[in-house]
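Peer 1: In my numbering, the protein residues as written are 5 to 390.
A virtual CB, placed ideally from N, CA and C, is assigned to each residue, including glycine.
Since we're looking at a predicted model, the values are computed, not measured.
Next up is a structure, given as structure tokens.
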């Protein structure tokens with residue numbers, strides 16, 4: 005695999021981040037869990053992937069999300085947002101809003117439906133992305149931009165709709181390893197040359213407890229590596245304490261537990277993205293690569309239920325979008341022979357076919373005080389699979 009070479013300025017930023025990570029390792033006694041490494045690589049102030057200034061989304065970035073493919077994603081999602089708002093409060097909160105395109109598409113469609121939220125809040129950790137979101141909204145929906153506000157922290161109380169599209173997958177994960185000798189946590193150390201390297205330590209505490217509960221595969225001749233997203237469980241529990249009435253719509257790639265920890269998936273699901281190429285080396289140019297892991301949706305649903313939330317629905321992205329009327333949204337694009345319609349239809353195909361994003365991506369709805377069955381899960385609900 006050949007990756008394009010970063011610029012000199014980008015490499016300098018990465019070098020400074022490596023120095024920060026190395027100092028953290030030394031301060032911790034020579035070893036940090038991978039979750040701490042991932043946290044620094046993605047979110048170290050001014051240097052991490054999401055807190056630095058590099059372009060992340062779209063053709064000029066490292067990956068493309070559903071809202072970048074077509075506004076039809078947001079237009080379909082708006083049907084579910086409207087239903088939840090009418091059952092709770094006319095408020096939307098988007099976590100990790102990317103370029104702001106989803107916010108713009110949702111606001112336009114909710115306006116067309118006559119159900120604009122009183123406020124559209126965005127919780128964003130990246131200063132660079134906040135600026136892009138502001139610019140996108142000013143360009144796409146100048147007449148609605150005044151409804152948008154940015155938050156620096158979770159609200160104490162919230163009613164309405166929370167949207168998290170591709171947020172759980174970039175929460176720092178613990179890496180655990182099973183082999184004949186027992187259960188270990190994989191972390192990061194520094195060798196004699198100052199190079200970051202893998203290092204295992206016997207698993208302990210909450211990591212050992214969570215891993216033991218999974219009954220992970222174990223072999224006498226090989227190791228089994230996988231992830232634990234304890235941060236996602238804590239995040240959901242935190243929202244459960246703050247949500248008074250409404251729903252969380254979580255959209256991400258992942259599996260239910262029975263499919264996540266298969267013996268055949270012995271190398272885990274950790275992936276890095278750089279300039280639209282996936283690779284498996286999280287130590288390559290820290291701060292310049294996105295680092296992600298697939299989501300264990302069973303763990304997220306269990307954490308939500310234990311914290312007092314209702315698990316309202318779980319399905320793949322294709323079923324969710326079809327239930328929300330994505331084909332009706334497509335039909336509004338005009339004649340089927342037009343170039344615009346054909347481009348939009350191809351985007352919908354990418355969003356919904358099993359070979360593309362339709363099966364890989366899942367949607368989980370968690371709520372409180374919502375009695376009407378959510379529209380997006382009316383057909384094809386897979387709650388039984390969790």
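Using DSSP with H/G/I as helix, E/B as strand and the rest coil, what is residue 347?
Peer 2: The residue labelled residue 347 in the question sits at position 343 within the chain shown. The answer is helix: DSSP assigns residue 347 an H, G or I state.
Peer 1: Does the region 67-76 come into contact with the region 29-40, if we say contact requires no fewer than three beta-carbon pairs (one atom in each stretch) closer than 8 Å?
Peer 2: no
Peer 1: Find out if the Cβ-Cβ distance for the pair residue 370, residue 252 is shorter than 8 Å.
Peer 2: Your numbering for residue 370 matches position 366 in the chain shown. Your numbering for residue 252 matches position 248 in the chain shown. For residue 370 and residue 252, yes; Cβs fall inside 8 Å.
Peer 1: If you draw a straight line from the alpha carbon of residue 99 to that of residue 137, how long is it in whole angstroms?
Peer 2: By one-based count along the chain shown, residue 99 stands at place 95. By one-based count along the chain shown, residue 137 stands at place 133. Rounded to the nearest angstrom, the two C-alpha atoms are 12 Å apart.
Peer 1: What would DSSP say about residue 41, mapped onto helix, strand or coil?
Peer 2: Position 37 of the chain shown, counted from the first residue, corresponds to residue 41. DSSP places residue 41 in helix when its eight states are reduced to three.
Peer 1: Between which two residues does the alpha helix (DSSP H) carrying residue 281 extend?
Peer 2: The residue given as residue 281 occupies position 277 in the chain shown. Not the alpha helix (DSSP H): residue 281 falls in the beta strand (DSSP E), residues 281-283.
Peer 1: Alpha carbon to alpha carbon, how far is residue 40 from residue 290? Give it in angstroms, no decimals.
Peer 2: Translated into positions along the chain shown, residue 290 becomes position 286. Translated into positions along the chain shown, residue 40 becomes position 36. The alpha-carbon atoms of residue 290 and residue 40 are separated by roughly 13 Å.
Peer 1: Whose C-beta lies closer than 6 Å to the C-beta of residue 318 among residues of the same chain, with five residues either side of it excluded?
Peer 2: Along the chain shown, one-based indexing puts residue 318 at 314. So the list reads 368, 386, 387, 390, once near-sequence residues are dropped.
Peer 1: Residue 62 to residue 68, Cα distance in whole Å?
Peer 2: Residue 62 sits at position 58 when you count from the first residue of the chain shown. Residue 68 sits at position 64 when you count from the first residue of the chain shown. Bear in mind that the predicted position of residue 62 carries a pLDDT of just 48, short of 50, making it too unreliable to give a figure here.
Peer 1: Would you decide whether residue 96 is buried or exposed? Buried here means 16 or more other CB atoms lie within 10 Å of its CB.
Peer 2: Looking up residue 96 in the chain shown gives position 92. Per the 10 Å Cβ criterion, buried.
Peer 1: Skipping 5 residues on each side, what residues in its chain have a beta carbon closer than 8 Å to that of residue 282?
Peer 2: Mapped onto the chain shown, residue 282 falls at position 278. So the list reads 275, 276, once near-sequence residues are dropped.
Peer 1: Name the two residues that bound the continuous alpha helix (DSSP H) containing residue 25.
Peer 2: Here the question's residue 25 lines up with position 21 in the chain shown. 12-31 is the span of the alpha helix (DSSP H), which, as asked, contains residue 25.
Peer 1: On the criterion of 16 or more Cβ atoms from any shown chain inside 10 Å, does residue 320 qualify as buried, or is it exposed?
Peer 2: In the chain shown, the residue the question calls residue 320 occupies position 316. The residue in question, residue 320, is buried, as its Cβ has 16 or more Cβ neighbours within 10 Å.
Peer 1: Excluding the 5 residues flanking residue 337 on each side, which residues of the same chain have their C-beta closer than 7 Å to its C-beta?
Peer 2: Mapped onto the chain shown, residue 337 falls at position 333. In the same chain as residue 337, and ignoring 5 residues on each side of it, the C-beta atoms closer than 7 Å to its own belong to 344, 345, 348, in chain order.
Peer 1: Within this structure, are the beta carbons of residue 307 and residue 245 separated by less than 8 Å?
Peer 2: For the purposes of this step, residue 307 is taken as the residue at position 303 of the chain shown. For the purposes of this step, residue 245 is taken as the residue at position 241 of the chain shown. No, Cβ-Cβ distance for residue 307 and residue 245 is not below 8 Å.
Peer 1: Do you know offhand how far residue 17's Cα is from residue 200's?
Peer 2: If you number the chain shown from 1, residue 17 lands on position 13. If you number the chain shown from 1, residue 200 lands on position 196. Residue 17 and residue 200: Cα-Cα distance of roughly 16 Å.
Peer 1: Per DSSP, which one or two residues make a beta bridge with residue 294?
Peer 2: Here residue 294 refers to the residue found at position 290 when the chain shown is read from its first residue. In the DSSP output, where bridge partners are listed per residue, residue 294 has 277.
Peer 1: Using beta-carbon positions only, say whether residue 192 and residue 207 come within less than 8 Å of one another.
Peer 2: Residue numbering aside, residue 192 sits at position 188 when the chain shown is read from its first letter. Residue numbering aside, residue 207 sits at position 203 when the chain shown is read from its first letter. The answer is no: Cβ separation not under 8 Å.
Peer 1: Taking 8 Å as the threshold, find out whether the region 229-240 comes into contact with the region 163-179 through three or more Cβ pairs.
Peer 2: yes
Peer 1: CB-CB under 7 Å to residue 212, same chain, minus the five flanking residues each way: which ones, in chain order?
Peer 2: Here residue 212 refers to the residue found at position 208 of the chain shown. Once the five neighbours on either side are set aside, the close Cβ partners of residue 212 are 187.
Peer 1: Please state if the CB of residue 383 and the CB of residue 335 are separated by a distance shorter than 8 Å.
Peer 2: For the purposes of this step, residue 335 is taken as residue 331 along the chain shown, with counting starting at 1. For the purposes of this step, residue 383 is taken as residue 379 along the chain shown, with counting starting at 1. Cβ distance not < 8 Å, so residue 335 and residue 383 don't count as in contact.
Peer 1: Three or more beta-carbon pairs under 8 Å between the region 152-161 and the region 74-83, yes or no?
Peer 2: no
Peer 1: For residue 141, is the classification buried or exposed, using 16 other Cβ atoms within 10 angstroms of its Cβ as the cut-off for buried?
Peer 2: Indexing the chain shown from 1 puts residue 141 at position 137. Flag for residue 141 reads buried.
Peer 1: Would you list the one or two residues that DSSP bridges to residue 205?
Peer 2: The residue you call residue 205 lines up with position 201 of the chain shown. Note: residue 205 sits in a beta bridge opposite 189.
Peer 1: Quick one: grab the DSSP three-state call for residue 257.
Peer 2: In the chain shown, residue 257 corresponds to position 253, counting from 1. DSSP places residue 257 in strand when its eight states are reduced to three.
Peer 1: Is it true that the CB of residue 162 sits closer than 8 Å to the CB of residue 242?
Peer 2: As a first step, residue 242 must be located in the chain shown, where it is residue number 238. As a first step, residue 162 must be located in the chain shown, where it is residue number 158. Cβ atoms of residue 242 and residue 162: not closer than 8 Å.
Peer 1: Let me confirm a value: residue 350 is counted as buried when at least 16 other C-beta atoms fall within 10 Å, else exposed. Which label applies?
Peer 2: On the chain shown, residue 350 is found 346 positions in, with the first residue counted as 1. By the 10 Å Cβ count, residue 350 comes out exposed.
Peer 1: List the endpoints of the continuous alpha helix (DSSP H) containing residue 135.
Peer 2: To locate residue 135, count along the chain shown from 1; it is residue 131. Element bounds for residue 135: 131-144.
Peer 1: If the criterion is Cβ atoms closer than 8 Å, does the pair residue 3 and residue 365 meet it?
Peer 2: Because residue 3 is not part of the residues shown, which for the chain are 5 to 390, the question remains open.
Peer 1: Could you give the distance in angstroms between the alpha-carbon of residue 264 and the alpha-carbon of residue 378?
Peer 2: On the chain shown, residue 264 is found 260 positions in, with the first residue counted as 1. On the chain shown, residue 378 is found 374 positions in, with the first residue counted as 1. Between residue 264 and residue 378, the C-alpha separation is close to 26 Å.
Peer 1: In this structure, how does DSSP classify residue 219 when only helix, strand and coil are distinguished?
Peer 2: For the purposes of this step, residue 219 is taken as residue 215 along the chain shown, with counting starting at 1. Three-state DSSP puts residue 219 in coil, outside helix and strand.
Peer 1: Out of curiosity, what's the CA-to-CA distance linking residue 92 and residue 373?
Peer 2: In the chain shown, residue 92 corresponds to position 88, counting from 1. In the chain shown, residue 373 corresponds to position 369, counting from 1. Approximately 8 Å, taken between the alpha carbons.
Peer 1: Compare the beta carbon distance of residue 124 and residue 106 with 8 Å and say whether it is the shorter of the two.
Peer 2: One-based indexing of the chain shown puts residue 124 at position 120. One-based indexing of the chain shown puts residue 106 at position 102. Contact flag unset, no.
Peer 1: So which of 359, 270, 261, 299 has the shortest CA-CA distance to residue 172?
Peer 2: Within the chain shown, numbered from 1, the residue matching residue 172 stands at position 168. Taking only the C-alpha atoms, the option nearest residue 172 is 299.
Peer 1: In the DSSP assignment, find the unbroken beta strand (DSSP E) run with residue 232 in it and report its ends.
Peer 2: Locating residue 232 in the chain shown gives position 228, counting from the first residue. Its beta strand (DSSP E) spans residues 228-232.
Peer 1: Tell me, please, which residues DSSP counts as bridged to residue 162.
Peer 2: Taking the chain shown and counting its residues from 1, the one referred to as residue 162 is at position 158. Bridge partners of residue 162: 247.
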